[in-house]
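Taking our numbering, I'd label the letters of the sequence shown as residues 2 to 311. Each remark here refers to the structure printed beneath this line.
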Amino acid sequence: MLVWFLVPVAIVVAAYVAARPFIVERSRPAIGPSERHGAKGEFIQLSQGVTHCRWAGSARGPVAVVVHGVASPMISMEAVADGLGKLGYRVLMYDLYGRGLSDAPAGKQDRAFFLRQLSDLCAYHGLTEELTIAGFSMGGSIATAFATEYPHSVNRVILIASAGVKINESRFSRFCRRVPGLGDWAHAMFGHKRIRNAIPAQGATRDVDAVLQAQRNELNRRGYLPAILSSRRGMLAENLEDDHRKLFRQGISVTAIWGGADPIIPLRAVGELGLWNRDARQEVIAGADHGLPYTHGKELANALRATLRG
């Protein structure tokens, strides 16, 4: 008789364990008017959803569009925007879908997904030529793909610790990416804690602290964790050798800046990119890890100045 009692109990418990992370995800608040109230910038209805964007830098000059990485919203690119602004650029920053204050629309977050958002954004602002596209980490992959898709609109690509060349992936991330179903469950169940634990408790400056807090805040919004996994299966899974070779053939200027102590994007990427595009100008910032856009803003600005004006 005990067995007949325990079997349904076990089934109920198993069903709860299987469903719990997805229930928790659905319980998180979606980004809406209350979250966006008082934020700087503008909120634009594009074909996939609302995108949060903001202009920075010089009031006049050439336009640079800045694309952040897989896990941090556009606040992580403030130092990049400031550095480009001091070089005379008008800088357009925006939150990728599923991050920051942008919507989290459904769909695999692959090349087509992100290029649609960026092309929609450029079309909205009437940006059609002489663009500089700067991207960090996955944003570098997006910048590269955008330049090869719209070569007549882009004259320069700036890559900062860019994905698409070489990347070190944890066993957990690799498992979640490669195994549908069970990988989705594992990422929903354990991804929140793993990401939270990877965020340093304190930064060296207030600006760094603001970025770290923004990263923590992302974990509380609906759609963020699914966006991370979808990006790992989509845009981040691409090797962009063909794209970089195409940029070389098309004569589009490429500047690449890397962190000398980056555990995620190894320095092997420098040599690999050099093989694909021997015209690429590359700099390495000693001691910088994968947070270099916000932890080494001054050094990054110096590297941009040296490569863009040299």
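C-beta atoms are modelled at their ideal positions from N, C-alpha and C, and glycine is treated no differently. It should be emphasised that the depicted structure is a prediction, and the values quoted were computed from it without experimental measurement.
K167 sits close to A270, with the two beta carbons spaced by under 8 Å. If you look at S254, you'll find it in the beta strand (DSSP E) that goes S254 to G260. Counting along the chain, no beta strand (DSSP E) covers Q49, and no H or E run does either. The beta-carbon separation of A144 and G136, rounded to 3 Å, stays under the 8 Å limit for a contact. DSSP places R222 in the coil class of the three-state scheme, outside both helix and strand. With a 10 Å radius around the Cβ and a threshold of 16 neighbouring Cβ atoms, E219 comes out buried. Counting along the chain, the unbroken beta strand (DSSP E) around Y95 starts and ends at R91 to Y95. Counted as a single uninterrupted DSSP element, the alpha helix (DSSP H) harbouring A307 occupies residues G298 to R310. Residue nearest to Q46 within the set G165, Q118 and Q216 is Q118 (criterion: CA-CA distance). Bridge partners of T133 according to DSSP: A65 and R157. Distance from the Cα of I265 is smallest, within the candidate group D104, V71, E150 and D185, for V71.
D208 places its beta carbon less than 8 Å from that of Y295.
In the same chain as H245, and ignoring 5 residues on each side of it, the C-beta atoms closer than 6 Å to its own belong to W277 and N278, in chain order. Taking 3 residues as the minimum length, the beta strand (DSSP E) runs contained wholly in the stretch 73-118 are 91-95, in order along the chain. For N221, same chain residues with a beta-carbon under 7 Å away, outside a window of 5 residues either side, are R29 in chain order.
DSSP places V166 in the coil class of the three-state scheme, outside both helix and strand. Less than 8 Å separates the beta-carbon of V255 from that of L160. Sixteen is the threshold: when 16 or more other Cβ atoms of the shown chains lie within 10 Å of the Cβ of F114, as they do, the residue is buried. Between the stretch 50-65 and the stretch 86-94, the count of C-beta pairs closer than 8 Å reaches three or more; the two stretches touch.
In this structure the stretch 227-246 touches the stretch 103-113; the number of beta carbon pairs closer than 8 Å is three or more. Sorting P74, L122, V92 and D121 by C-alpha distance to the C-alpha of G101 places P74 at the top. It is roughly 11 Å from the alpha-carbon of A211 to the alpha-carbon of A205.
A164 is positioned such that its CB atom lies no closer than 8 Å to that of V155. Of the candidates Y98, A57, L97 and A105, A57 places its Cα closest to the Cα of A82.
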